[in-house]
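Asker: This note's numbering puts the sequence shown at residues 71 to 275.
Cβ atoms here follow ideal geometry from the backbone N, Cα and C, with glycine treated the same way.
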Amino acid sequence: NSHLREETGVWTFETTPRMSTYLLAFGFGALHGKTAKTKNGTEVGVFATVAQAENSFDFALDIAVRVIEFYEDYFQVKYPIPLSYHLALPDFSAGAMENWGLVTYREVYLLVDENSSAASRQQVALVVAHELAHQWFGNLVTMKWWDDLWLNESFANMMEYVSVNAIEPSWNIFEDFQTTGVPNALQRDATDGVQSVHMEVNHPD
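(1) Taking all protein chains shown into account, do 16 or more other C-beta atoms lie within 10 angstroms of the C-beta of residue 88, making it buried, or fewer, making it exposed?
(2) Between the C-alpha atoms of residue 226 and residue 187, what's the straight-line distance to the nearest angstrom?
(3) On a CA-only basis, which of 166, 257, 150 is nearest residue 86? Give me that one, please.
(4) Do you know how far the Cα of residue 78 is from the Cα of residue 220?
(5) Considering only the alpha carbon of each residue, which of 179, 136, 218 lies closest to residue 108?
(6) Between residue 117 and residue 157, how many whole angstroms is the CB-CB distance? I'm expecting something under 8 Å.
(7) Quick one: any contact between the region 159-171 and the region 93-103, if contact means 3 or more CB pairs under 8 Å?
(8) In terms of residues, what are the limits of the alpha helix (DSSP H) holding residue 223?
(9) Helix, strand or coil: how does DSSP classify residue 184 here?
(10) Using a Cβ distance threshold of 8 Å, determine whether the region 261-269 contacts the region 227-234, with at least three qualifying pairs required.
(11) Need the endpoints of the beta strand (DSSP E) that residue 177 sits in, please.
(12) Three-state secondary structure (DSSP) at residue 273?
(13) Which value, in whole angstroms, describes the spacing of the CA atoms of residue 202 and residue 238?
(14) Which stretch, first to last residue, makes up the alpha helix (DSSP H) that contains residue 100?
(15) Report the three-state DSSP secondary structure of residue 168 (helix, strand or coil).
(16) Could you check where the alpha helix (DSSP H) with residue 244 kicks off and where it finishes?
(17) CA-CA distance, residue 246 and residue 80?
(18) Identify whether residue 297 lies in helix, strand or coil by the three-state DSSP scheme.
(19) Can you give me the C-alpha to C-alpha distance between residue 184 and residue 159, rounded to a whole angstrom?
(20) Do residue 114 and residue 131 have their C-beta atoms closer together than 9 Å?
(21) Do you know whose CA, among 243, 164, 147, lies nearest residue 210's CA?
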């Protein structure tokens with residue numbers, strides 16, 4: 071969230087909206103990045119370690135700004151906090167995590183340079199759009215308990231394609247959904263150890 075003031079190494083922040091503890095994140099280190107603003111004034115930033123070139127931030131920054139603007143129009147609900155920062159991490163076991171206001175990514179899912187393939191660019195766009203969808207589905211509106219986690223992921227899985235198709239229609243991204251997403255889902259559903267969509271969870275661990 072936006073900081074209000076700094077006094078001798080102590081940062082004071084604005085009060086956040088009510089949020090789940092699993093969505094809290096802090097980033098520390100030798101970082102640099104670029105920022106831009108949406109039409110409604112949300113500050114969007116892409117950051118990485120100083121080892122990464124600044125021009126590798128441009129693609130994801132552009133996608134993030136346009137996806138936020140699309141979601142605000144599509145949902146008719148404004149992005150609820152003043153910042154949307156996206157941080158590329160050199161060692162991150164998960165692909166990405168939708169922390170509120172500070173989304174974290176494996177570097178390959180956020181950074182793009184002039185040598186990146188069209189497929190890599192599309193993958194970055196889908197991952198960014200997926201994590202931004204969670205800012206509404208999961209962050210702003212959170213399931214009552216973990217056994218409804220599938221709702222968070224289902225909406226985000228759908229909206230990543232809806233949003234990317236809207237901002238980059240020439241990509242025909244739904245063809246990728248039909249040729250990759252659907253077969254993968256069917257293959258997983260056919261395995262013996264498939265996990266049911268709704269899993270009863272009795273403890274948060």
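Answerer: On the basis of the data shown:
(1) exposed
(2) 24 Å
(3) 150
(4) 44 Å
(5) 136
(6) 5 Å
(7) yes
(8) 219-237
(9) coil
(10) no
(11) Neither: residue 177 is in no beta strand (DSSP E) and is coded neither H nor E.
(12) coil
(13) 16 Å
(14) Per DSSP, residue 100 belongs to no alpha helix (DSSP H) and is neither H nor E.
(15) coil
(16) 243-246
(17) 47 Å
(18) Here the chain comprises residues numbered 71 to 275, so residue 297 is not present and cannot be evaluated.
(19) 20 Å
(20) yes
(21) 147
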